[in-house]
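*Asks:* Here's a structure for you.
Number of protein chains: 2
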Amino acid sequence: MPNNQFKRGELYSFITGMASTAIARRLQKNFKQEGIEITIEQWSVLYHLWKQDGISQQELCNASFRDKPSITRLVDNLEKLKLVKRVGSPTDRRMNLIYVTDAARKLQERTMEIAEITLNEALKGVSAADIEQAKTVLQQVYDNLK
Amino acid sequence: MPNNQFKRGELYSFITGMASTAIARRLQKNFKQEGIEITIEQWSVLYHLWKQDGISQQELCNASFRDKPSITRLVDNLEKLKLVKRVGSPTDRRMNLIYVTDAARKLQERTMEIAEITLNEALKGVSAADIEQAKTVLQQVYDNLK
DNA sequence: TTTAAATAGTTGCATAACTAACTATATGCC
DNA sequence: GGCATATAGTTAGTTATGCAACTATTTAAA
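Keeping their order, the protein sequence lines are chains A and B.
Take any residue in the first sequence, count from 1 to its spot, add 791: that is its number in our numbering.
Take any residue in the second sequence, count from 1 to its spot, add 791: that is its number in our numbering.
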């Protein structure tokens, strides 16, 4: 128990997640540089829809670790950009099924490439084993707080 | 070089930093539960000021990895809450020196305790060595993108 | 010394987060 | 069938972020 005790003064960067913030910021910049005018948050929603669309907003909430109002507005903005469509579910009139448009599909390949490049840039000099291990720790943290 | 290549489909959680988001969210909840009505962002600014106050907003930017408008507004809100004071620098009239108030000092001990408890909760079941290693990776990521 | 460039901070605009309160529809129990 | 409860989604209010444009002051160079 005392061996995962954090010393005061080391708390800060772990809590604020400055590393992931930095990655997201860099990815945003790289998108912009390529003339791709979507936010990271919008991209992270598309990311799930590319894998599978026609899912409800609630399922998008679960997949992207966001609450319902956040998804409502992200979908609002993505719809304004004509990247997704809300389609009322035929079987449950409470639900919207979210579909990506052709315009969004055109973004998939290139943005995933940029994301991959950005991530490799971020992880330069870190061994594959260390990355795996860091991912395990972060997953454990997430599970602990779920 | 190919050994720190990320496979597509694993990108997402690393980029969005869901672990650090979860920690921050939990800390916010724990503050609230104790009747402490400040945001994590406000706390993260106080965190630096407790270590040393009377520093400029620019120094706060550097310490807390934020841009100037963000600090302007955080200091605005902290000032409204009477937790910090802006004092014009006597030697450089462009600068504000930021001081914490007695009310803020009263929050230090308890909030640091809560942060420590929250972090230990988040890191339950993770060995000290793994934590160290994850921190090293995150620091490297941050340095790579700086 | 006066003028250009750098620095400190603020303001406006757009996007996004969380909470709480709300509407509409579906489900389940009597 | 009818009513309570759960679920899906939206809206409003506050805080925060990033970018760009702005003011005020300082510094450095011509």
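From the three backbone atoms N, C-alpha and C, an ideal C-beta is built for every residue, glycine too.
None of these values were measured; they are calculated from a predicted model.
Show which residues of chain A have a CB atom less than 7 Å away from the CB atom of B:F822.
*Replies:* Walking along the second sequence from the start, residue 822 of chain B turns up at place 31. What B:F822 touches in chain A: nothing, since even the nearest Cβ is about 12 Å away.
*Asks:* Helix, strand or coil for B:I889? Go by DSSP, reduced to three states.
*Replies:* As a working mapping, residue 889 of chain B is identified with position 98 in the second sequence. In this structure, B:I889 counts as strand in the three-state DSSP scheme.
*Asks:* If the criterion is Cβ atoms closer than 7 Å, does the pair A:W834 and A:T902 meet it?
*Replies:* Here residue 834 of chain A corresponds to residue number 43 of the first sequence, with the count starting at 1. Here residue 902 of chain A corresponds to residue number 111 of the first sequence, with the count starting at 1. Yes, the Cβ-Cβ distance between A:W834 and A:T902 is below 7 Å.
*Asks:* Just the C-alpha distance for B:P860 and A:A906, rounded to the nearest angstrom, thanks.
*Replies:* Within the second sequence, the letter at position 69 stands for residue 860 of chain B. Within the first sequence, the letter at position 115 stands for residue 906 of chain A. Between B:P860 and A:A906, the C-alpha separation is close to 27 Å.
*Asks:* Within 10 angstroms of its Cβ, does B:R857 collect 16 or more other Cβ (buried), or is it exposed?
*Replies:* Here residue 857 of chain B refers to the residue found at position 66 when the second sequence is read from its first residue. So B:R857 counts as buried.
*Asks:* Closer than 7 Å, CB to CB, is A:I814 near chain B or not?
*Replies:* Residue mapping note: residue 814 of chain A aligns to position 23 of the first sequence, counting from 1. It does: the Cβ of A:I814 has a partner Cβ on chain B nearer than 7 Å.
*Asks:* Distance cutoff 7 Å, beta carbons only. Does B:M809 sit that close to anything in chain A?
*Replies:* Residue numbering aside, residue 809 of chain B sits at position 18 when the second sequence is read from its first letter. For B:M809, the answer is yes, since a Cβ of chain A falls inside 7 Å of its Cβ.
*Asks:* If you follow the beta strand (DSSP E) that B:K842 is in, where does it begin and where does it stop?
*Replies:* Along the second sequence, one-based indexing puts residue 842 of chain B at 51. It is not in any beta strand (DSSP E) - B:K842 instead sits in the alpha helix (DSSP H) that spans I831 to K842.
*Asks:* Any Cβ of chain A within less than 7 Å of the Cβ of B:N868?
*Replies:* Translated into positions along the second sequence, residue 868 of chain B becomes position 77. Closer than 7 Å: no.
*Asks:* Can you find the residues in the same chain that come closer than 8 Å, C-beta to C-beta, to A:Q848, ignoring five residues on each side of it along the sequence?
*Replies:* Locating residue 848 of chain A in the first sequence gives position 57, where the first residue counts as 1. These residues qualify, in order along the chain: K859, I862, T863, V866, M886, N887 and I889.
*Asks:* Could you tell me which of B:Y838, B:Y803 and B:Q899 sits nearest to A:E801, measuring between CA atoms?
*Replies:* By one-based count along the first sequence, residue 801 of chain A stands at place 10. Comparing Cα positions, the closest option is B:Y838.
*Asks:* How is the alpha helix (DSSP H) around B:R857 delimited, first residue to last?
*Replies:* The residue labelled residue 857 of chain B in the question sits at position 66 within the second sequence. Note, B:R857: premise wrong, no alpha helix (DSSP H); not H, not E.
*Asks:* For A:K876, does the three-state DSSP call read helix, strand or coil?
*Replies:* Taking the first sequence and counting its residues from 1, the one referred to as residue 876 of chain A is at position 85. Looking at A:K876 - three-state DSSP - the assignment turns out to be strand.
*Asks:* Check whether the Cβ of B:S861 lies closer than 7 Å to any Cβ atom in chain A.
*Replies:* For this step, residue 861 of chain B is matched to residue 70 along the second sequence. Not closer than 7 Å to any Cβ of chain A, the Cβ of B:S861 fails to qualify, so no.
*Asks:* What residues in the segment 824-854 of chain B bring their beta carbon closer than 7 Å to a beta carbon of chain A?
*Replies:* Taking 7 Å as the Cβ-Cβ cut-off against chain A, the residues of the segment 824-854 of chain B that qualify are S835 and Y838.
*Asks:* For A:Q819 and A:A920, I'd like the C-alpha separation in whole angstroms.
*Replies:* Residue numbering aside, residue 819 of chain A sits at position 28 when the first sequence is read from its first letter. Residue numbering aside, residue 920 of chain A sits at position 129 when the first sequence is read from its first letter. Rounded to whole angstroms, A:Q819 to A:A920 spans 27 Å at the Cα level.
*Asks:* Run through chain B and tell me which residues come within less than 7 Å of A:Y803, C-beta to C-beta.
*Replies:* Here residue 803 of chain A corresponds to residue number 12 of the first sequence, with the count starting at 1. The contacting residues are S835 and Y838.
*Asks:* Keeping to the same chain, check which residues put their C-beta closer than 7 Å to that of A:G879; ignore five residues upstream and five downstream.
*Replies:* In the first sequence, counting from the first residue as 1, residue 879 of chain A sits at position 88. If we look at A:G879 and ignore the five residues flanking it on each side, its Cβ neighbours are N887.
*Asks:* At what residues does the alpha helix (DSSP H) containing A:S811 begin and finish?
*Replies:* Mapped onto the first sequence, residue 811 of chain A falls at position 20. Looking at the DSSP string, the run of the alpha helix (DSSP H) that includes A:S811 is M809 to Q824.
*Asks:* Would you list, in chain order, the members of the segment 912-929 of chain B that have their beta-carbon closer than 8 Å to a beta-carbon of chain A?
*Replies:* Going along the segment 912-929 of chain B in chain order, one finds E912, A913, L914, K915, G916, V917, S918, A919, D921, I922, Q924, A925, K926, T927, V928 and L929 with a Cβ nearer than 8 Å to chain A.
*Asks:* Apart from the five residues just before and just after A:K873, which ones in its own chain have a Cβ nearer than 8 Å to its Cβ?
*Replies:* Counted from its first residue, the first sequence places residue 873 of chain A at position 82. Same-chain partners within the cutoff: T892 and A894.
*Asks:* Within a Cβ cutoff of 7 Å, which residues of the same chain sit near A:L840, ignoring the five residues on either side of it in sequence?
*Replies:* Residue 840 of chain A sits at position 49 when you count from the first residue of the first sequence. Excluding positions up to five away in sequence, the list reads V875, I889 and V891.
*Asks:* Strictly by DSSP, which residues pair up with A:S847?
*Replies:* The residue you call residue 847 of chain A lines up with position 56 of the first sequence. For A:S847, which the question treats as bridged, DSSP gives the partners A:L888.
*Asks:* Rounded to a whole number of angstroms, what is the C-alpha to C-alpha distance between B:N911 and A:I814?
*Replies:* On the second sequence, position 120 is the one that residue 911 of chain B refers to. On the first sequence, position 23 is the one that residue 814 of chain A refers to. If you take the alpha carbons of B:N911 and A:I814, they lie about 25 Å apart.
*Asks:* Any idea if A:R884 is buried or exposed, counting beta-carbon neighbours within 10 angstroms, 16 or more meaning buried?
*Replies:* The residue you call residue 884 of chain A lines up with position 93 of the first sequence. That one is exposed.
*Asks:* Could you compute how far the alpha carbon of B:K842 sits from the alpha carbon of B:Q899?
*Replies:* As a first step, residue 842 of chain B is located in the second sequence; it is residue number 51 there, counting from the start. As a first step, residue 899 of chain B is located in the second sequence; it is residue number 108 there, counting from the start. Approximately 10 Å between the Cα atoms of the pair.
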